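Count the sequence shown with the numbering used here and you get residues 2 to 610, in order. Inspection log for the structure reproduced underneath, given as structure tokens.
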Amino acid sequence: MNILGISAFYHDSAAALVREGEIVAAAQEERFTRRKHDHRFPQCALDYCLEVGGITPAHLDHVAFYDKPLLKFERLLETYLAFAPLGFRSFVQAMPLWLREKLHLPRRMDQGLRHQYEGRYVFTEHHESHAASAFFPSPFNEAAILTLDGVGEWATASYGVGRGNRINVTHELHFPHSLGLLYTAFTYYCGFKPNSGEYKLMGLAPYGEPVYRDVILDKIVDLKPDGSLRMDMSYFNYCQGLTMTSQKLHDLFGGPPRSPEGSLSQRHMDIAASVQAVTEEVMLRAARHLHTETGMKNLCLAGGVALNCVGNGRILREGPFENIWIQPAAGDAGGALGAALFVWYQLLGNRRQAGPSDSQQASLLGPAYPADTTRQMLDRIGAKYHRFDNEDTLVQRIVEAIDSEQVVGHMAGRMEFGPRALGSRSIIGDARSPSMQSVMNLKIKFRESFRPFAPCVMREHVSEYFEMRPNEDSPYMLLVAPVRQDKRIPLDGDKTTGLDKLKRIRSVVPAITHVDYSARVQTVDPKRHPRMYRIMSAFHERTGCPVIINTSFNVRGEPIVCSPEHAYRCFMGTNMDVLVIDDFLLYKREQPDAKQHDIDEYLAQFQLD
Ligand SMILES: [Fe+2]
Numbered sequence: 002m003n004i005l006g007i008s009a010f011y012h013d014s015a016a017a018l019v020r021e022g023e024i025v026a027a028a029q030e031e032r033f034t035r036r037k038h039d040h041r042f043p044q045c046a047l048d049y050c051l052e053v054g055g056i057t058p059a060h061l062d063h064v065a066f067y068d069k070p071l072l073k074f075e076r077l078l079e080t081y082l083a084f085a086p087l088g089f090r091s092f093v094q095a096m097p098l099w100l101r102e103k104l105h106l107p108r109r110m111d112q113g114l115r116h117q118y119e120g121r122y123v124f125t126e127h128h129e130s131h132a133a134s135a136f137f138p139s140p141f142n143e144a145a146i147l148t149l150d151g152v153g154e155w156a157t158a159s160y161g162v163g164r165g166n167r168i169n170v171t172h173e174l175h176f177p178h179s180l181g182l183l184y185t186a187f188t189y190y191c192g193f194k195p196n197s198g199e200y201k202l203m204g205l206a207p208y209g210e211p212v213y214r215d216v217i218l219d220k221i222v223d224l225k226p227d228g229s230l231r232m233d234m235s236y237f238n239y240c241q242g243l244t245m246t247s248q249k250l251h252d253l254f255g256g257p258p259r260s261p262e263g264s265l266s267q268r269h270m271d272i273a274a275s276v277q278a279v280t281e282e283v284m285l286r287a288a289r290h291l292h293t294e295t296g297m298k299n300l301c302l303a304g305g306v307a308l309n310c311v312g313n314g315r316i317l318r319e320g321p322f323e324n325i326w327i328q329p330a331a332g333d334a335g336g337a338l339g340a341a342l343f344v345w346y347q348l349l350g351n352r353r354q355a356g357p358s359d360s361q362q363a364s365l366l367g368p369a370y371p372a373d374t375t376r377q378m379l380d381r382i383g384a385k386y387h388r389f390d391n392e393d394t395l396v397q398r399i400v401e402a403i404d405s406e407q408v409v410g411h412m413a414g415r416m417e418f419g420p421r422a423l424g425s426r427s428i429i430g431d432a433r434s435p436s437m438q439s440v441m442n443l444k445i446k447f448r449e450s451f452r453p454f455a456p457c458v459m460r461e462h463v464s465e466y467f468e469m470r471p472n473e474d475s476p477y478m479l480l481v482a483p484v485r486q487d488k489r490i491p492l493d494g495d496k497t498t499g500l501d502k503l504k505r506i507r508s509v510v511p512a513i514t515h516v517d518y519s520a521r522v523q524t525v526d527p528k529r530h531p532r533m534y535r536i537m538s539a540f541h542e543r544t545g546c547p548v549i550i551n552t553s554f555n556v557r558g559e560p561i562v563c564s565p566e567h568a569y570r571c572f573m574g575t576n577m578d579v580l581v582i583d584d585f586l587l588y589k590r591e592q593p594d595a596k597q598h599d600i601d602e603y604l605a606q607f608q609l610d
């Protein structure tokens with residue numbers, strides 16, 4: 002039985018194929034179309050899923066869409082009416098897409114499936130899709146489920162329990178009160194793109210102090226002990242306007258929103274720290290309440306806020322749950338997977354036996370490319386490459402490069418599903434190098450200097466470097482943990498503030514140690530990520546260090562690379578030294594010189610995010 006799940010028309014459109022309960026394929030549309038957070042109908046992702054499954058749309062037994070468009074439309078209308086005549090402009094702006102595509106979804110899906118699918122469509126609720134994506138692939142037979150995001154139909158957060166093959170979402174928080182939208186509003190206020198720059202706000206927070214935390218909690222957010230919240234909507238504009246925040250909020254925080262690419266002041270850093278502190282407080286309260294209500298020892302998380310890995314790390318360390326599992330595609334892309342799994346388990350009642358490992362398959366659910374395709378592409382463009390039959394030799398070359406502070410683009414096997422690169426589409430480098438953080442930000446990724454880099458660590462060494470339990474799993478890079486005291490370099494009496502904090506060497510792995518000594522950790526084990534594990538073992542053997550930098554293979558504003566061609570273009574368009582595509586290795590110094598105008602053209606196609 003083949004079930005296709007689709008999410009589309011908000012942000013991060015995606016498709017997923019589930020066969021007999023197994024996840025066969027899942028991918029975000031942006032990777033194929035090269036338009037970041039692409040929200041259009043995921044035609045390429047859908048075609049890719051069917052191709053991997055070796056089927057045509059006629060072979061599909063069920064097709065599920067991740068939310069209920071009519072309910073969403075009702076929210077739009079009711080919100081508009083509640084604020085009318087304010088909001089006319091945003092209403093008029095939203096209407097064409099609704100009238101053209103969203104309200105005629107079955108017709109749009111028929112077209113996407115080339116009129117070959119004859120079954121009916123299932124529309125799951127938005128938060129049900131998130132909850133399903135969090136619980137069904139998890140390693141737990143029973144767990145509490147918490148979803149937190151911007152907004153679906155009406156719900157902005159929900160919780161419930163999962164047992165065996167069923168989830169039961171029992172409580173919801175409704176629009177306009179939303180932790181996700183609160184975070185997005187401050188993302189906007191600090192000059193970053195809504196629904197995209199939330200990561201930057203989280204990365205900026207450690208430079209500041211949470212001096213506005215109490216102001217937010219006194220004036221803007223009425224936070225209840227159970228983690229639910231009510232927001233004073235006079236500080237916001239997203240119900241009725243085209244912006245996220247209102248003049249009243251700007252007055253409260255002492256100025257208009259920061260313009261994109263404008264300078265970052267201590268005030269912005271303090272605001273980021275404050276909203277991050279409030280977010281962590283909400284997440285912790287919700288987790289504690291859920292634990293009291295359900296008495297369960299496992300927690301599953303999804304929804305965009307579940308990408309707040311600082312909050313996740315605190316739930317794991319401080320919250321009452323013994324284990325947590327977070328859907329790697331926690332945002333709306335994961336809704337496609339959740340919707341398909343919901344049909345298989347919940348609607349069709351198929352048996353589910355969890356564990357001991359999750360069934361997300363390392364989240365390596367995207368395309369892989371045969372060696373012949375790669376070779377033909379490299380030959381066609383006249384690239385100079387080395388091909389290795391022996392993986393050990395290739396791994397040695399990679400490790401030598403990293404040890405000599407070269408930056409390596411590494412593409413191998415299937416692409417990751419979800420926003421994090423986990424080694425299959427990653428740029429890797431030496432975490433011990435004090436200059437690597439700025440080299441990678443400014444010369445490779447062309448992004449803001451303040452942004453931190455994340456480490457991969459061999460799982461058996463995780464507790465030597467980070468404050469985590471021995472062998473603790475974090476294979477999807479969704480937890481932030483402090484670097485251990487004995488790996489830190491003391492900075493007695495250090496008085497640096499703001500971005501100057503970047504210049505201090507804080508640990509034996511400075512390139513991945515954020516200014517508050519935290520790190521977003523990915524553990525690498527031989528089963529899930531065999532190639533990365535081999536690279537890391539060889540690096541550890543050579544240098545004694547089991548940690549390397551792992552950042553996504555892209556430049557600023559570019560979706561993560563998908564195909565060998567994308568990887569090669571990114572390699573040639575940046576100051577990367579080495580490129581690895583499966584068994585092929587390329588040195589920049591051996592390549593024909595890239596023409597400046599090709600590089601400019603390459604970089605110009607991506608809008609700054
Ligand atoms: Fe969502």
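Just so it is clear, CB atoms sit at the ideal spot from N, CA and C, and this is done for glycine as well. Keep in mind that this is a model prediction, so the values were computed, not measured.
beta-carbon residue i near ligand 1 non-hydrogen atom, thresh 7 Å
i, result
"G6", "no"
"D333", "yes"
"G305", "yes"
"G161", "no"
"H127", "yes"
"G153", "yes"
"D150", "yes"
"H131", "yes"
"G120", "no"
"G545", "no"
"G336", "yes"
Extent of the continuous beta strand (DSSP E) to which residue i belongs
i, result
"I327", "324 to 327"
"R167", "167 to 175"
"G161", "156 to 164"
"L580", "579 to 582"
"T148", "143 to 149"
"S519", "519 to 525"
"F234", "Sequence check: residue 234 is Met here, not Phe. Note, M234: premise wrong, no beta strand (DSSP E); not H, not E."
"N313", "Segment 310 to 319 is the alpha helix (DSSP H) holding N313; no beta strand (DSSP E) there."
"V548", "548 to 553"
"I445", "Counting along the chain, I445 falls outside any beta strand (DSSP E), and DSSP gives it neither H nor E."
Exposure of residue i, with buried meaning 16 or more beta-carbon neighbours within 10 Å
i, result
"V93", "exposed"
"R543", "exposed"
"F89", "exposed"
"S450", "exposed"
"Q248", "exposed"
"R381", "exposed"
"I506", "exposed"
"H598", "exposed"
"I490", "exposed"
"E23", "exposed"
"S266", "exposed"
"G350", "exposed"
"M96", "exposed"
"N442", "buried"
"T394", "exposed"
"S405", "exposed"
"T575", "buried"
"D223", "exposed"
Opening and closing residue of the alpha helix (DSSP H) in which residue i lies
i, result
"F540", "531 to 544"
"F136", "127 to 136"
"M459", "Segment 456 to 459 is the beta strand (DSSP E) holding M459; no alpha helix (DSSP H) there."
"R90", "89 to 101"
"M416", "Premise fails: M416 is in no alpha helix (DSSP H) and is neither H nor E."
"A432", "Careful: A432 lies outside any alpha helix (DSSP H) and carries neither H nor E."
"I399", "392 to 404"
Supposed close pair residue i, residue j - CB separation, criterion 8 Å
i, j, result
"D373", "I403", "In fact, because the Cβ distance is near 28 Å, the residues do not count as touching under 8 Å."
"A273", "L205", "4 Å"
"L285", "I316", "6 Å"
"R535", "M478", "Not quite, the Cβ-Cβ distance comes to about 19 Å (not below 8 Å), so this is no contact."
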